[in-house]
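There are 2 protein chains.
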Amino acid sequence: MSDQVNIAVDCMGGDDNASFVMPGLLLTLKKYPNIKFQLFGDEETIKSRISKYKAVENASQIIHCDTYVKMDEKPSIAIKNGRGKSSIWVAIESIKQGNADFMISAGNTGALMAMATLILKTISKIQRPAIAAIWPTINGETVVLDIGATIGFNKKQLIDFSILGASMAQIIFDVKQPTLSLLNIGEEEIKGLDEIKASHEILKSTEHFFRYKGFIEGNQIGRGFSDVVVTDGFTGNIALKTAEGTASQISKYFKDSINRSLMAKVGYFFAASAFKSLREKMNPSRLNGGVFLGLNGIVIKSHGKTDPVGFSSAVDLGIDMHKAALIDKIKSNIGVTEKEVNID
Amino acid sequence: MSDQVNIAVDCMGGDDNASFVMPGLLLTLKKYPNIKFQLFGDEETIKSRISKYKAVENASQIIHCDTYVKMDEKPSIAIKNGRGKSSIWVAIESIKQGNADFMISAGNTGALMAMATLILKTISKIQRPAIAAIWPTINGETVVLDIGATIGFNKKQLIDFSILGASMAQIIFDVKQPTLSLLNIGEEEIKGLDEIKASHEILKSTEHFFRYKGFIEGNQIGRGFSDVVVTDGFTGNIALKTAEGTASQISKYFKDSINRSLMAKVGYFFAASAFKSLREKMNPSRLNGGVFLGLNGIVIKSHGKTDPVGFSSAVDLGIDMHKAALIDKIKSNIGVTEKEVNID
Numbered sequence: 001m002s003d004q005v006n007i008a009v010d011c012m013g014g015d016d017n018a019s020f021v022m023p024g025l026l027l028t029l030k031k032y033p034n035i036k037f038q039l040f041g042d043e044e045t046i047k048s049r050i051s052k053y054k055a056v057e058n059a060s061q062i063i064h065c066d067t068y069v070k071m072d073e074k075p076s077i078a079i080k081n082g083r084g085k086s087s088i089w090v091a092i093e094s095i096k097q098g099n100a101d102f103m104i105s106a107g108n109t110g111a112l113m114a115m116a117t118l119i120l121k122t123i124s125k126i127q128r129p130a131i132a133a134i135w136p137t138i139n140g141e142t143v144v145l146d147i148g149a150t151i152g153f154n155k156k157q158l159i160d161f162s163i164l165g166a167s168m169a170q171i172i173f174d175v176k177q178p179t180l181s182l183l184n185i186g187e188e189e190i191k192g193l194d195e196i197k198a199s200h201e202i203l204k205s206t207e208h209f210f211r212y213k214g215f216i217e218g219n220q221i222g223r224g225f226s227d228v229v230v231t232d233g234f235t236g237n238i239a240l241k242t243a244e245g246t247a248s249q250i251s252k253y254f255k256d257s258i259n260r261s262l263m264a265k266v267g268y269f270f271a272a273s274a275f276k277s278l279r280e281k282m283n284p285s286r287l288n289g290g291v292f293l294g295l296n297g298i299v300i301k302s303h304g305k306t307d308p309v310g311f312s313s314a315v316d317l318g319i320d321m322h323k324a325a326l327i328d329k330i331k332s333n334i335g336v337t338e339k340e341v342n343i344d
Numbered sequence: 001m002s003d004q005v006n007i008a009v010d011c012m013g014g015d016d017n018a019s020f021v022m023p024g025l026l027l028t029l030k031k032y033p034n035i036k037f038q039l040f041g042d043e044e045t046i047k048s049r050i051s052k053y054k055a056v057e058n059a060s061q062i063i064h065c066d067t068y069v070k071m072d073e074k075p076s077i078a079i080k081n082g083r084g085k086s087s088i089w090v091a092i093e094s095i096k097q098g099n100a101d102f103m104i105s106a107g108n109t110g111a112l113m114a115m116a117t118l119i120l121k122t123i124s125k126i127q128r129p130a131i132a133a134i135w136p137t138i139n140g141e142t143v144v145l146d147i148g149a150t151i152g153f154n155k156k157q158l159i160d161f162s163i164l165g166a167s168m169a170q171i172i173f174d175v176k177q178p179t180l181s182l183l184n185i186g187e188e189e190i191k192g193l194d195e196i197k198a199s200h201e202i203l204k205s206t207e208h209f210f211r212y213k214g215f216i217e218g219n220q221i222g223r224g225f226s227d228v229v230v231t232d233g234f235t236g237n238i239a240l241k242t243a244e245g246t247a248s249q250i251s252k253y254f255k256d257s258i259n260r261s262l263m264a265k266v267g268y269f270f271a272a273s274a275f276k277s278l279r280e281k282m283n284p285s286r287l288n289g290g291v292f293l294g295l296n297g298i299v300i301k302s303h304g305k306t307d308p309v310g311f312s313s314a315v316d317l318g319i320d321m322h323k324a325a326l327i328d329k330i331k332s333n334i335g336v337t338e339k340e341v342n343i344d
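Have a look at this one:
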């Protein structure tokens, strides 16, 4: 097997005209010289942008696509208009055809997921796909899923998501037996949803390739309580966005505090390097990229509002997933779990 | 009508042996000299604590209770053991008997809600109670409900919660027509729960005493997008706890950054007053207290882990609610809304 990695890149998706794509690819190329890009999108646009990045140009093949999915387009409309021809669609197809090892886009999440599911289909025995985020914690990082693909609690799906998330955690944390928790609220007896309790009972009473640690509350995610946190796409999305909102709220307080007095500005000057590391920890572009899990192929979603560093780190994540054979790992983990868990 | 406010205080609930209660009451008493406390709990314990706070003692009547609810007791057990005799139960009963204008406890939330619902009952036409939190935002504060009383989405309940939350917002923000949003996730078409969409349609298409602004995502809560944010108790609890967790995570990063170098410490020294105001904004005890809404009586839940300032601010919140006649306001707002909204 060749070491070369073939990456299908949607060059049209993302805010700010996806201007971060080419410089982002350059950053990744410097780290991994043995990669090839297939660039999907409007040929003229791509050519005008790539000319400044000769190294990227030399590693790329441009595949012209007539249309692309708008950031705010409804998935059903995107599929109607873009089936077989939009940059996202054709890029995903190249995975299916065996031409690309994974696909990346900073475009419309809903359309990307809808198209990926249509083209790649879910892995056998997985009902629905999930999107996993990498959540920064005080100890490092935690995989949190689902953050928006599958809405509503269903015990079978929560078990599926556990398998998917723990498989991803094995790769990114390089551990054999990741720890895993279910997101819930306190005071079990009167609270919590029946489906979550049912999943809890199954996870508690069976052996898995991951170690189940029980319920976790919202305030424990950032403490790095476990390698994986599982919930449904509605709750996960609310939690993730609320955490992002809180971080930017505090960042605003911080700036206001600094700007309020000369003394504070002097203090900031002295402490500048300390605050630089703080800002980096709070910068979402560092940990950018949601991984679509449960499909027969690796699809990476970069944040739409990102920068070259963020886009590159999302591409790097895809390379890690491919090199560690994520899909095979998931399939074999499904096999292990199946022996233990029988869900009606 | 006399200006005197009669407050039923559970003296047994709260972490750290509820040691913050007496000094907290003193802080409130200094602001509102015309209040009387009914102190519920173990008489000896209360007497030993109150002796240091003569002013509180002079404004108080002690009502001995044989038992109290433990912080981790299941609500059903708490009711079995404490019906008619635990400090929470008897304190709530004093509202019903017309002896107290509101009740406050820093104790077990689940047991407090279960007992309050049993004793006070929900207001006519309100199906289930809610707990409202006051969420700090970059513009001020937002009322967020439900944060844990009622689990699961139900369009009738979301409309009820809108009436309840907006009534509270009228009081604390002193506005006639508060703005209100429903918490949801992006990309409406494929996402979001049917019940939320149904509530959205009802709220959008009818006139209310509040102004409905549509859906809001998790990251917009902290921006102060609206005066009230409505969701179910599961989602609200996860969002609130996740925000708290993120704030303490960033606070940890901040401390680590400061402690890493001498220069940073020097900087911190110069900027100390600015950071003091930052810390205060991030301090949950400042905005302490959940309000139980939808019951025939005002019950205030203080955070269990609080301090005298936090407990006092929760008592102050109860005084505001009582003086503005929260329950009457809710009842009259239900009347207004009923004319407009007919839910099957």
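Those protein sequence lines, which keep their order, are chains H and B.
The letter at position 104 of the first sequence is residue 104 when you use my numbering, and the numbering goes up by one with no holes.
The letter at position 174 of the second sequence is residue 174 when you use my numbering, and the numbering goes up by one with no holes.
Every residue gets a Cβ at the ideal spot worked out from N, C-alpha and C, and that includes glycine.
Keep in mind the model is a prediction, meaning the values are calculated, not measured.
| Query | Result |
| --- | --- |
| Ala-106 of chain H and Gly-233 of chain H closer than 7 Å at C-beta | no |
| Chain B contacts made by the segment 237 to 250 of chain H, where a contact means CB separation under 9 Å | Asn-237, Ile-238, Ala-239, Leu-240, Lys-241, Thr-242, Ala-243, Glu-244, Gly-245, Thr-246, Ala-247, Ser-248, Gln-249 and Ile-250 |
| Residue-chain proximity (Gly-297 of chain B, chain H), Cβ-Cβ < 7 Å | no |
| Within-7 Å CB hit, Asn-219 of chain B to chain H | yes |
| Rounded separation between Met-1 of chain H and Asp-146 of chain B - CA only | Model confidence at Met-1 of chain H stands at a pLDDT of 48, short of 50, so the residue's coordinates are unreliable and nothing is read from them. |
| Residues sharing a beta bridge with Ile-131 of chain H, DSSP | H:Phe-292 |
| Amino acids of chain H, ordered along the chain, whose beta-carbon sits closer than 8 Å to that of Arg-223 of chain B | Gly-245 and Gln-249 |
| Pair within 7 Å by beta-carbon distance, Leu-293 of chain B and Ala-132 of chain B | yes |
| Touch test, the segment 72 to 86 of chain B against the segment 16 to 23 of chain B, Cβ-Cβ under 8 Å, three pairs minimum | no |
| Segments assigned alpha helix (DSSP H), at least 4 residues, entirely inside the segment 153 to 180 of chain H | 155 to 172 |
| Sequence-distant residues of its chain with Cβ nearer than 7 Å to Ala-55 of chain H (five each side left out) | Leu-26 and Leu-29 |
| For His-64 of chain B, the residue or residues it bridges with in DSSP | B:Gly-41 |
| C-beta contact flag for Ser-94 of chain B and Thr-67 of chain B at 7 Å | no |
| 9 Å Cβ cut-off: residues of chain H touching Ala-271 of chain B | Ser-257, Ile-258, Ser-261, Met-263, Ala-264, Lys-265, Val-266, Gly-267, Tyr-268, Phe-270 and Ala-271 |
| Contact with chain B by Thr-235 of chain H, beta-carbon distance below 7 Å | yes |
| Residues, ordered as in the chain, of the segment 129 to 140 of chain H that lie near chain B by beta-carbon distance below 9 Å | Pro-136, Thr-137 and Ile-138 |
| Separation of Ala-166 of chain H from Thr-179 of chain H, as counted between CA atoms | 8 Å |
| Whole-Å CB distance - Ile-258 of chain B paired with Ser-199 of chain B, under 8 Å assumed | Their Cβ separation, rounded to whole angstroms, is 45 Å, which puts Ile-258 of chain B and Ser-199 of chain B out of contact at 8 Å. |
| Endpoints, the alpha helix (DSSP H) within which Asp-256 of chain H is located | 233 to 259 |
| Exposure of Leu-118 of chain B, with buried meaning 16 or more beta-carbon neighbours within 10 Å | exposed |
| Interfacial residues, the segment 297 to 313 of chain B to chain H, with Cβ spacing under 9 Å | none |
| Same chain, Cβ closer than 8 Å to Leu-295 of chain H, neighbours up to 5 away in sequence not counted | Ala-116, Thr-117, Leu-120, Lys-121, Thr-122, Ile-123 and Pro-129 |
| Beta carbon proximity, Lys-125 of chain H to chain B, threshold 7 Å | no |
| Meets three-Cβ-pair contact criterion under 8 Å: the segment 239 to 249 of chain B and the segment 212 to 228 of chain H | yes |
| Any chain B beta carbon closer than 7 Å to Asp-10 of chain H | no |
| Spatial neighbours of Gly-110 of chain B in its chain, beta-carbon cut-off 7 Å, leaving aside the 5 residues before and after | Pro-75 |
| Bridge partner(s) assigned by DSSP for Asp-10 of chain H | H:Phe-40 |
| Beta-carbon separation (whole angstroms), Gln-4 of chain B vs Asn-34 of chain B, contact threshold 8 Å | 5 Å |
| Beta-carbon proximity list for Lys-125 of chain B, same chain, < 6 Å, skipping 5 on both sides | Ile-334 |
| Three-way DSSP call (helix, strand, coil) for Gly-310 of chain B in this model | helix |
| DSSP bridge partner residues for Tyr-212 of chain B (one or two, in chain order) | B:Leu-180 |
| Pairwise C-alpha distance: Arg-223 of chain B and Ile-92 of chain H | 36 Å |
| Anticipated Cβ contact below 8 Å, Thr-235 of chain H with Thr-142 of chain B, distance rounded | The pair is not a contact, with the Cβ atoms about 20 Å apart (cut-off 8 Å). |
| C-alpha gap between Ala-8 of chain B and Arg-211 of chain H, whole angstroms | 47 Å |
| Contacts around Thr-231 of chain H, its chain only, beta-carbon distance under 6 Å, and the 5 residues preceding and following it disregarded | Leu-183 |
| Gln-38 of chain H classed as buried or exposed, judged by whether at least 16 other C-beta atoms fall within 10 angstroms | buried |
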